[in-house]
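Down below is the structure, laid out as structure tokens.
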Amino acid sequence: MATASIAKRGMFARPIAPTGLWSWITTIDHKRIGALYGVTAFILFLIGGVEALLMRLQLSQAEAGVVTPEAFNQLFTMHGTTMIFLVIMPMGAAFFNFMIPLMIGARDVAFPRLNAFSYWTFLFGAILLNASFFTGSAPDVGWFAYAPLNGPGFSDTGVDYWILGLQVLGVASLAAAFNFIVTIINLRAPGMSMMKLPVFVWMTLVVSFLIILAFPVITVAITLLLFDRQFGTEFFNSAAGASPLVWQHLFWAFGHPEVYILILPAMGIVSEVLPVFSKKPLFGYTTVVLAGIIIGFMGWGVWAHHMFVTGLGPVANSAFAISTMFIAVPTGIKIFNWLGTLWGGSIRFTTSMLFSIGFILLFTIGGISGVMHSVVPSDAQQSDTYFIVAHLHYVLFGGALMGIFSGIYYWWPKMTGRMLNETLGKLHFWLWFLGMNITFFPMHFLGLDGMPRRVYTYSEGMGWDFWNAFATVGVFVLGLGLLVFLQNVWHSRKNGEAAGNDPWDARTLEWSIPSPPPHYNFAQIPHVYERDDFWHKKYAEGADGRPVRTVQGAAPSSEEHGHGHNIHMPTPSYYPILLSAGLTLIAGGLVSHISVSVIGGILALFALYSWVFEPPTAPETQTAGPAGHARDKRRGGGKR
Amino acid sequence: MAMTPHTVIPDEHYTSTGLSHRKLLMWIFLGSECLFFGSLIATHMVNRGKAALLHGESPACLLDIPITSTSTFVLLMSSVMMVLAVSSAERGKLGSMRFWLFMTALLGSGFLLFQVYEFNLFVDEGLTIGTNLFGSTFFTLTGFHGTHVTIGVIWLLSILAISFIRPDMVKNPLNVDIAGLYWHFVDIVWIVIFTVVYLVGRLGVECAGA
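Protein chains in written order, with our numbering: chain A, 86 to 725; chain B, 33 to 242.
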């Protein structure tokens, strides 16, 4: 630990504390950043869950008075915004961060400091958004904040927090997406051609491209809105001749690709989990990848199906109806490929597998009700009713979240080195599977019975009482499932079974190294010859076409040949968090006091220039980074 | 753009494609910027002709095409200077690189001066960002472009300063190359804005002065 030899540059010595708070604040290790993303997103998930619970309690019976109408508006706005931007996206990012370098055989992402910057910007953006609660006016205009309701004169400062919070979060998402595109294109292990990439990596790539192309659009939309609110421009002011529909076009030109940004990571996870627990390669790898790319492209051609009832006219409506129906085709192809993977496999019903199968089932229901919305006449009836609420929760809870939890159960042993308890895991799955259906399936009936979405309350005798009460029960079942999961995590941390390198007999590279992975990931960068290369190192094809294990005992490990002590890893840095803080202060100052923005600007500028002058790797540290040292001594030492 | 082998920079690590991380990052960033300006330009086009009249005629009458053509020419010439700066950097000629970088920043600043002059003129004529839809979209769109040029000028001047303070940091021509990509992109965006806002914007508009 050569502290003295670290050169001083600018104001600070390079941070090198191996453990403790500082090591986490300055870390640029993609695995630690992934863990930070995951934990933060999970805490925000609990916040979003409480918001949902309050709303369901309010709607559990006619004329209930659990919250005020104003609070209800804030709850549904923040619930939607939180779950989409602060939970599902960052939970995906947690896996991108932790897993992508491991799956492509890389030591780190292409830009480690930029990666840390993404995380801190996400955290600060989340804080800025939620700070609105403490100003007494959280945003109350729905997660898509339609004009003119979002404009000056119709809404309070909560919308300014919403705008600036999203702006900061957008910077975080963009930075992460740039990083992952470069990482995946440029840092693959030798021999790993694009068509040998694991499907999860492919889906990450598609999602990253969607982010870099969709987020500038919402950046513009909310910038124009901010100008309308603060500088007196007239972008969405119909009195000045502008069309508020422009907001909807901009918002959904972002918002619909965003839906695929939310679901594609889950599709990628499922495509990894199903083959492992079916003991078969993924059926139709090429088709699954192509379908993902086509979904990414087509996601741009369907946005106006959110606007069928705004009177775009029959030509536009027909065009978007057709494109929306067609986007179900690549999605359907994926579902058949997953079923084909299960077909004839030796299936192990682990918790992760159950969540993946649950994903297929629930996502299919959500997908089919999605096709129903593409039919303009039926959409005119269903639009803005609880039917839509049911649909989007089948896609985002039944789809995205179930997929993410499949990933959590699948990769937990790799991330922590310990197994999760399978009995508790299965209990969690069944509680969630049942709770999810109890909560959201009745919403289809409520919607068809005419219950509008975002409604604060309803009178008795509308015929909505029973299913609303029923749905509220489901939330408690979901909450119980969450408690079981937390218990499982606690149990695993305290006395979970040691995982070993490859507990699932898996197919991809991350399982060829110790759990948890050492700081430097791979002692030797692997050379890849086949798709699912790690599997081919363990198995050959027998006479009957079934796989035959060629390597007995422990799976071959990339750790065999080296001890990783001469690996030069990037050094931790202060500047990512300082730059994030500067940017967030600039944004926060715009809603509080301009002097805060000035301080933020100075801080950001200082951090930016210091960042440029700081070499990514301190040349003086000739060993694996200090954090890697500590980790080696603590856990990985005996593995070799 | 063709990725020729000379884009491989020795001090960058091994990459699967042979492209440097940072150059790839800049290309992807510029792809993202296309959508940013695309959305702004689309908003301007949607609102074309919807603005309230100013002094009894279309606010587009304020646009002075000869003057803006001149400033457009200045900006395009700065791209030529940038090409020469990158070429000098690649040949390791520090002195001429400094000169061409300075010329690029100078012409970029010249363009910005034209913009400041134009903005002042418009405000004097009574057109501000809040006057009508034309003012809102015009100042937002060209203002964001001007901000990009300003960042570019600061960037170029930073490289210039660093070349004196820490010459070792600019040994790598990639640093200039990447700034060049950004600079050319900002110029190309201006060509689109000039065409859409100024040339197309004046089409079919009846003005008293014209």
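The C-beta atom is built at its ideal place from N, Cα and C for all residues, glycine as well.
Please read these numbers as outputs of a predicted model, since none were measured by experiment.
Quick one: what's got a C-beta closer than 6 Å to residue i's C-beta in the same chain, skipping five residues either side?
i          : result
Leu-107(B) : Phe-143, Asp-219 and Trp-222
His-646(A) : Only weak support is given to the placement of His-646(A): the predicted model assigns it a pLDDT of 49, under 50, and the question is left unresolved by the model.
Leu-668(A) : Ala-689
Trp-332(A) : Ala-232 and Phe-321
Gly-686(A) : Ile-671
Ser-454(A) : His-476
Gly-250(A) : Gly-210, Leu-213 and Leu-214
Reducing DSSP to helix, strand and coil, say where residue i ends up.
i          : result
Glu-699(A) : coil
Pro-599(A) : coil
Pro-237(A) : coil
Pro-632(A) : strand
Pro-537(A) : strand
Leu-206(B) : helix
Ala-625(A) : strand
Arg-503(A) : strand
Thr-174(B) : helix
Ala-223(A) : coil
Leu-670(A) : helix
Leu-86(B)  : strand
Gly-470(A) : The sequence given here places Thr at residue 470(A); Gly does not occur at that position. Of the three classes helix, strand and coil, the one that applies to Thr-470(A) here is strand, per DSSP.
Gly-134(A) : helix
Ala-583(A) : strand
In angstroms with no decimal places, state the Cα-to-Cα distance between residue i and residue j.
i          : j          : result
Ala-475(A) : Phe-482(A) : 10 Å
Glu-409(A) : Ile-380(A) : Rather than Glu, the amino acid found at residue 409(A) in this sequence is Thr. Near 11 Å, if we compare the C-alpha coordinates of Ile-380(A) and Thr-409(A).
Met-314(B) : Phe-405(A) : The displayed coordinates of chain B run from 33 to 242. Any statement about residue 314(B) would go beyond what the structure contains.
Gly-70(B)  : Trp-385(A) : 14 Å
Trp-589(A) : Lys-364(A) : 10 Å
Leu-171(A) : Ile-346(A) : 13 Å
Thr-49(B)  : Asn-271(A) : 6 Å
His-612(A) : Gly-276(A) : 6 Å
Thr-47(B)  : Leu-62(B)  : 21 Å
Phe-434(A) : Glu-357(A) : 15 Å
Phe-440(A) : His-678(A) : 47 Å
Phe-411(A) : His-604(A) : 45 Å
Asn-158(A) : Tyr-231(A) : 13 Å
Gly-105(A) : Phe-166(B) : 55 Å
Leu-234(A) : Leu-310(A) : 11 Å
Phe-570(A) : Tyr-694(A) : 44 Å
Ser-222(A) : Gly-243(A) : 5 Å
Arg-141(A) : Thr-557(A) : 5 Å
Gly-158(B) : Tyr-660(A) : 44 Å
Buried or exposed for residue i, going by 16 or more other Cβ atoms inside 10 Å?
i          : result
Gly-236(B) : exposed
Pro-175(A) : buried
His-87(B)  : exposed
Met-280(A) : exposed
Ser-52(B)  : buried
Cys-93(B)  : buried
Phe-619(A) : buried
Thr-75(B)  : buried
Asp-469(A) : exposed
Glu-155(A) : exposed
Ala-89(A)  : Low confidence applies to Ala-89(A): its pLDDT is 36, below 50, so where it sits in the model is not reliable enough to give any reading.
Met-163(A) : buried
Trp-696(A) : buried
Phe-246(B) : One cannot answer for residue 246(B) here, as it falls past the ends of chain B, which runs 33 to 242.
Arg-198(B) : exposed
Ser-101(B) : exposed
Beta-carbon within less than 7 Å of residue i's beta-carbon, same chain only, minus the 5 sequence neighbours each way: which residues are those?
i          : result
Val-305(A) : Leu-335
Gly-369(A) : Asn-422 and Gly-425
Leu-204(A) : Rather than Leu, the amino acid found at residue 204(A) in this sequence is Tyr. Counting only Cβ-Cβ distances below 7 Å, and skipping sequence neighbours, we find Ile-118, Leu-121 and Tyr-122.
Leu-189(B) : Ala-137
Leaving out five residues before and five after residue i in sequence, what residues of the same chain have Cβ atoms less than 8 Å from its Cβ?
i          : result
Ser-577(A) : Trp-497, Thr-501, Arg-503, Met-504, Leu-505 and Asn-506
Leu-213(B) : Lys-55, Met-58, Trp-59 and Leu-62
Minimum length 3: unbroken beta strand (DSSP E) runs contained in the region 142-214 of chain A: Runs found: none.
Whole alpha helix (DSSP H) elements within the region 84-168 of chain B, 4-residue minimum: Counting only runs that start and end inside the region 84-168 of chain B, the alpha helix (DSSP H) elements of at least 4 residues fall at 97-122 and 126-156.
4-residue-minimum alpha helix (DSSP H) runs that sit fully inside the region 471-499 of chain A, ordered along the chain: Taken in chain order, the unbroken stretches of alpha helix (DSSP H) that lie wholly in the region 471-499 of chain A and span 4 residues or more are 471-480.
Runs of beta strand (DSSP E) lying entirely within the region 314-374 of chain A, each at least 3 residues, in chain order: As far as the region 314-374 of chain A is concerned, it has no whole beta strand (DSSP E) run of at least 3 residues.
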